[in-house]
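Asker:
There are 2 protein chains.
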Amino acid sequence: MTLKAQYTEHSMQVAYTPKQLRARIRYGEYQTNTSGQCQGFVQGNVVILPEDWAADFLRFCQLNPRPCPLIAMSQVGDPLLPELGDELDIRTDIPRYRIFHGGELMQEVMDIVNHWRDDLVTFVLGCSFSFEEALLADGLEIRNITEGVNVPMYRTNIPCRKAGRFSSDMVVSMRPMLAADAIRAVQICTRFPSVHGAPVHIGDPSLIGIHDISSPDFGDAVSIHEGELPVFWACGVTPQVALETARPPLCITHSPGCMLVTDLPNSKLAVL
Amino acid sequence: MTLKAQYTEHSMQVAYTPKQLRARIRYGEYQTNTSGQCQGFVQGNVVILPEDWAADFLRFCQLNPRPCPLIAMSQVGDPLLPELGDELDIRTDIPRYRIFHGGELMQEVMDIVNHWRDDLVTFVLGCSFSFEEALLADGLEIRNITEGVNVPMYRTNIPCRKAGRFSSDMVVSMRPMLAADAIRAVQICTRFPSVHGAPVHIGDPSLIGIHDISSPDFGDAVSIHEGELPVFWACGVTPQVALETARPPLCITHSPGCMLVTDLPNSKLAVL
């Protein structure tokens, strides 16, 4: 066995720390989605905007904390986010980035070192991985995980509050549950307001403008078993829709599923 | 205007303290149900049993805290409950009592001074008045209050855990709500485990063995508006059903709606 093969075999068994995983990402050793990596640590959605768009976006997040729970915001032009991770550099530490011009996806890249500018501001928003981990730890089933697919997401008719050039109806994710589990999920998720918090709707999808639960607008459909209620959470795709509509000249995001892995334990996001 | 008429007119406007109301009850000046009295203070369901039945009933409460949330238990033979109220005497301080022999209602009385025995033990269980007050304070509508009727209650097929001679399926109360209000109600009631806590079921009544939501087993039917979900809470009628089935030789309870008014602020029952 070569030294490299030994290293690879060994690396399969290693649970990397967030800092170690970010280093691997930085050096091109890890280039795929981060689901299931660094369990117990917060992963974040990333939005990078020019300074003259950042104030509106910040206000949009503050007015709509359920779909846009802001975990951190950088200084203007500073690629570091020390409050989220030791040596964390937003230009290199995400596996894949998407670059949008005027709301149009232009390219997908492995780092943004050559795209960085002194006027860019980074926003990190909480994601559902954190609360899914808390639900699983309590013994609840999460159907999209059981079925090995992306969570189903739907456009709704629930309006977000408008902030400058940003507006959108809320996008929600859906996890089917028995009523007793849905009640337990409300309790657990209420502890985590910065990763979307409690569900926004339970039951009849048509009451929030969803007309076909079997055809999600994003992600994959999942089975809903007899006696289960669909349980809907505000979803981090909402700000992406708002960004597509607002069409800023430049916007950089993570690629779906390829999140920013932080040093924050999920438990630090619990308000109690 | 006579002195007595002046007193009566004045008394209509007085908000009695719990201690004052208990004194009025003790002296026969207040003989009806306590709903809406002494707002902000805990009212309790009362069960009085001989010592040789008390251990089983205590264990039934401990095994089934949702329908039987125990707030206080007296010493054997002691009619006072100092932890619930200054000078509170369980023999005189409830407007009406019911006396059961072998599970059969024998009489309704205004005090139990002549029925008291040295082997009796008093149990006080939390009641829904406390959480209804918290829901109203948050701006939620409670349909049975809006419609001026008793809350509808239903027998279910949710088994309680058996304790000695006590067993029962759970009885639940129902309040219809829009989904967002139901989610908020879960959050609020979770803070109050000793007054039944979070709902036990939301949605399809047949899943918990209720076949006709318009025909409650106890209390009155209420309107369910379009788009509302029935929300079900564990109910304090459950231990009454268990007592009827167990048929202890003697059991004394409050009359429905004529509760024990305590000195405990409702807020003291909040776990956070």
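Sequence order for the protein chains is A and B. The UniProt record's numbering numbers the first residue of the first sequence as 1 and each following residue consecutively. The UniProt record's numbering numbers the first residue of the second sequence as 1 and each following residue consecutively. Cβ atoms here follow ideal geometry from the backbone N, Cα and C, with glycine treated the same way. As the structure is a prediction and not an experimental result, all values here were calculated from the model.
Can you look up Ile-48 (chain B) in the DSSP assignment and give me helix, strand or coil?
Answerer: To locate residue 48 (chain B), count along the second sequence from 1; it is residue 48. Residue state, collapsed to three classes: strand.
Asker: Got a sec: which bits of the stretch 166-196 of chain A sit with their beta carbon under 9 Å from any beta carbon on chain B, in order along the chain?
Answerer: Those residues of the stretch 166-196 of chain A that come within reach of chain B (Cβ to Cβ, closer than 9 Å) are Leu-178, Ala-179, Ala-180, Ala-182, Ile-183, Arg-184, Val-186, Gln-187, Thr-190.
Asker: When you compare the CB of Ala-198 (chain A) with every CB in chain C, is at least one pair closer than 9 Å?
Answerer: In the displayed structure, chain C is absent; the protein chains listed are A and B.
Asker: Along the chain, where does the beta strand (DSSP E) containing Ala-234 (chain A) start, and where does it finish?
Answerer: Locating residue 234 (chain A) in the first sequence gives position 234, where the first residue counts as 1. That run of the beta strand (DSSP E) goes 229-234.
Asker: What whole-angstrom Cβ distance do Tyr-154 (chain B) and Met-177 (chain B) have, given they're in contact under 8 Å?
Answerer: Here residue 154 (chain B) corresponds to residue number 154 of the second sequence, with the count starting at 1. Here residue 177 (chain B) corresponds to residue number 177 of the second sequence, with the count starting at 1. Going by Cβ atoms, the distance from Tyr-154 (chain B) to Met-177 (chain B) rounds to 16 Å, so no, they are not a contact pair.
Asker: Which residues, taken in chain order from the stretch 216-235 of chain A, show a beta carbon closer than 8 Å to some beta carbon of chain B?
Answerer: Against chain B - using a Cβ distance shorter than 8 Å - the residues of the stretch 216-235 of chain A are Gly-227, Leu-229.
Asker: Beta-carbon within less than 6 Å of Met-73 (chain B)'s beta-carbon, same chain only, minus the 5 sequence neighbours each way: which residues are those?
Answerer: Here residue 73 (chain B) refers to the residue found at position 73 of the second sequence. Counting only Cβ-Cβ distances below 6 Å, and skipping sequence neighbours, we find Phe-123.
Asker: For Leu-58 (chain B), does the three-state DSSP call read helix, strand or coil?
Answerer: On the second sequence, residue 58 (chain B) is found 58 positions in, with the first residue counted as 1. It is helical.
Asker: According to DSSP, Phe-123 (chain B) sits in a beta bridge with which residue or residues?
Answerer: Within the second sequence, the letter at position 123 stands for residue 123 (chain B). DSSP lists B:Val-47, B:Met-73 as partners of Phe-123 (chain B).
Asker: If you measure between the beta carbons of Cys-160 (chain A) and Asn-64 (chain A), is that distance less than 9 Å?
Answerer: The sequence position of residue 160 (chain A) within the first sequence is 160, counting from 1. The sequence position of residue 64 (chain A) within the first sequence is 64, counting from 1. Yes, these two residues count as a Cβ contact at 9 Å.
Asker: Using C-beta distances below 8 Å, list every residue in its chain close to Asn-144 (chain B), excluding the 5 sequence neighbours before and after it, in chain order.
Answerer: The residue labelled residue 144 (chain B) in the question sits at position 144 within the second sequence. Cβ neighbours of Asn-144 (chain B) beyond the five flanking positions: Asn-150, Val-151, Pro-152, Arg-175, Gly-219, Asp-220, Val-222.
Asker: Under 9 Å, Cβ to Cβ, is there at least one residue of chain B near Asp-52 (chain A)?
Answerer: The residue labelled residue 52 (chain A) in the question sits at position 52 within the first sequence. Chain B contact via Cβ: absent.
Asker: Tell me, which residues are paired with Ala-134 (chain B) by DSSP?
Answerer: Walking along the second sequence from the start, residue 134 (chain B) turns up at place 134. In the DSSP output, where bridge partners are listed per residue, Ala-134 (chain B) has none listed.
Asker: Taking DSSP's pairing of strands, which residues face Pro-159 (chain B) in a bridge?
Answerer: The sequence position of residue 159 (chain B) within the second sequence is 159, counting from 1. Pro-159 (chain B) pairs with B:Asp-169.
Asker: Within 10 angstroms of its Cβ, does Leu-260 (chain B) collect 16 or more other Cβ (buried), or is it exposed?
Answerer: Indexing the second sequence from 1 puts residue 260 (chain B) at position 260. Flag for Leu-260 (chain B) reads buried.
Asker: For Pro-265 (chain B), count neighbouring Cβ atoms within 10 angstroms of its own Cβ and tell me buried if that reaches 16, exposed if not.
Answerer: Position 265 of the second sequence, counting from 1, holds the residue named residue 265 (chain B). Label assigned to Pro-265 (chain B): exposed.
Asker: Leaving out five residues before and five after Asp-52 (chain A) in sequence, what residues of the same chain have Cβ atoms less than 8 Å from its Cβ?
Answerer: Along the first sequence, read from residue 1 onward, the residue named residue 52 (chain A) stands at position 52. Closer than 8 Å at Cβ, skipping near neighbours: Asp-119.
Asker: Residues of chain A with a CB under 9 Å from the CB of Asp-138 (chain B): which are they?
Answerer: The count along the second sequence starts at 1 and reaches residue 138 (chain B) at position 138. Going along chain A, no residue has its Cβ under 9 Å from Asp-138 (chain B), so there is no contact; the nearest lies around 14 Å.
Asker: Could you pull out every residue in the same chain whose Cβ sits closer than 8 Å to the Cβ of Arg-157 (chain A), ignoring the five residues on either side in sequence?
Answerer: By one-based count along the first sequence, residue 157 (chain A) stands at place 157. Before going on, a small fix: residue 157 (chain A) reads as Asn here, not Arg. For Asn-157 (chain A), where only same-chain residues beyond five positions count, the Cβ hits under 8 Å are Asp-169, Ile-208, Gly-209.
Asker: Counting along the chain, where does the alpha helix (DSSP H) carrying Cys-68 (chain B) start and finish?
Answerer: Looking up residue 68 (chain B) in the second sequence gives position 68. No alpha helix (DSSP H) holds Cys-68 (chain B); DSSP gives it neither H nor E.
Asker: Leaving aside the five residues before and after Cys-61 (chain A) along the sequence, list all residues of the same chain whose C-beta is less than 6 Å from its C-beta, in chain order.
Answerer: By 1-based counting over the first sequence, the position of residue 61 (chain A) is 61. Result list for Cys-61 (chain A): Cys-68, Leu-70, in chain order.
Asker: Just to confirm the assignment, what range does the alpha helix (DSSP H) spanning Arg-96 (chain A) have?
Answerer: For the purposes of this step, residue 96 (chain A) is taken as residue 96 along the first sequence, with counting starting at 1. Careful: Arg-96 (chain A) lies outside any alpha helix (DSSP H) and carries neither H nor E.
Asker: Hey, is His-201 (chain B)'s beta-carbon within less than 9 Å of any beta-carbon in chain A?
Answerer: Within the second sequence, numbered from 1, the residue matching residue 201 (chain B) stands at position 201. For His-201 (chain B), the answer is yes, since a Cβ of chain A falls inside 9 Å of its Cβ.
Asker: Between Arg-184 (chain A) and Leu-136 (chain A), which are expected to be in contact by the criterion C-beta below 8 Å, what is the C-beta distance as a whole number of angstroms?
Answerer: In the first sequence, counting from the first residue as 1, residue 184 (chain A) sits at position 184. In the first sequence, counting from the first residue as 1, residue 136 (chain A) sits at position 136. In fact, because the Cβ distance is near 12 Å, the residues do not count as touching under 8 Å.
Asker: Just to confirm my understanding: we take Ala-5 (chain A), look at its own chain, exclude 5 residues before and 5 after, and list those with CB closer than 6 Å. What are they?
Answerer: In the first sequence, counting from the first residue as 1, residue 5 (chain A) sits at position 5. Interpretation of Ala-5 (chain A) is limited by its pLDDT of 43, a score under 50 that renders its predicted location unreliable; the figure taken from the coordinates is listed afterwards. Closer than 6 Å at the Cβ level, and outside the excluded window around Ala-5 (chain A), lies no residue.
Asker: Against Leu-80 (chain A), what residues of chain B qualify as contacts under a CB-to-CB distance less than 7 Å, listed in chain order?
Answerer: The residue labelled residue 80 (chain A) in the question sits at position 80 within the first sequence. Simply none; closest approach about 36 Å.
Asker: Under the three-state reduction of DSSP, which class applies to Thr-262 (chain A): helix, strand or coil?
Answerer: Translated into positions along the first sequence, residue 262 (chain A) becomes position 262. If DSSP states are grouped into helix, strand and coil, Thr-262 (chain A) belongs with the strands.
Asker: Are the beta-carbon atoms belonging to Val-121 (chain B) and Thr-92 (chain B) less than 9 Å from one another?
Answerer: Taking the first residue of the second sequence as position 1, residue 121 (chain B) is located at position 121. Taking the first residue of the second sequence as position 1, residue 92 (chain B) is located at position 92. Cβ distance not < 9 Å, so Val-121 (chain B) and Thr-92 (chain B) don't count as in contact.
Asker: Rounded to the nearest angstrom, how far is the Cβ of Ala-182 (chain B) from that of Ile-202 (chain A), given a contact under 8 Å?
Answerer: For the purposes of this step, residue 182 (chain B) is taken as the residue at position 182 of the second sequence. For the purposes of this step, residue 202 (chain A) is taken as the residue at position 202 of the first sequence. Right, the Cβ-Cβ distance comes to about 6 Å (below 8 Å), so this counts as a contact.
Asker: Step through the CB atoms of chain A and report whether any lies within less than 9 Å of the CB of Leu-135 (chain B).
Answerer: If you number the second sequence from 1, residue 135 (chain B) lands on position 135. No, Leu-135 (chain B) does not count as interfacial toward chain A.
Asker: Answer with yes or no whether the minimum CB distance from Leu-272 (chain B) to chain A is below 9 Å.
Answerer: Sequence index remark: in the second sequence, residue 272 (chain B) carries index 272 (1-based). Yes, contact with chain A.
Asker: Less than 9 Å between the C-beta atoms of Leu-125 (chain A) and Pro-239 (chain A), yes or no?
Answerer: Taking the first residue of the first sequence as position 1, residue 125 (chain A) is located at position 125. Taking the first residue of the first sequence as position 1, residue 239 (chain A) is located at position 239. A contact, by the Cβ cut-off of 9 Å.
Asker: Under 8 Å between beta-carbons, which chain A residues line up against Leu-125 (chain B)? List them in chain order, please.
Answerer: Within the second sequence, residue 125 (chain B) is the residue found at index 125, counting from 1. Result: empty, since nearest Cβ-Cβ is about 21 Å, beyond 8 Å.
Asker: Please classify Pro-230 (chain A) as buried or exposed, where buried requires at least 16 other C-beta atoms within 10 Å of its C-beta.
Answerer: Position 230 of the first sequence, counted from the first residue, corresponds to residue 230 (chain A). Answer is buried; the Cβ neighbour count reaches 16.
Asker: Mind checking which residues open and close the alpha helix (DSSP H) that includes Leu-105 (chain B)?
Answerer: Looking up residue 105 (chain B) in the second sequence gives position 105. Segment 104-109 is the beta strand (DSSP E) holding Leu-105 (chain B); no alpha helix (DSSP H) there.
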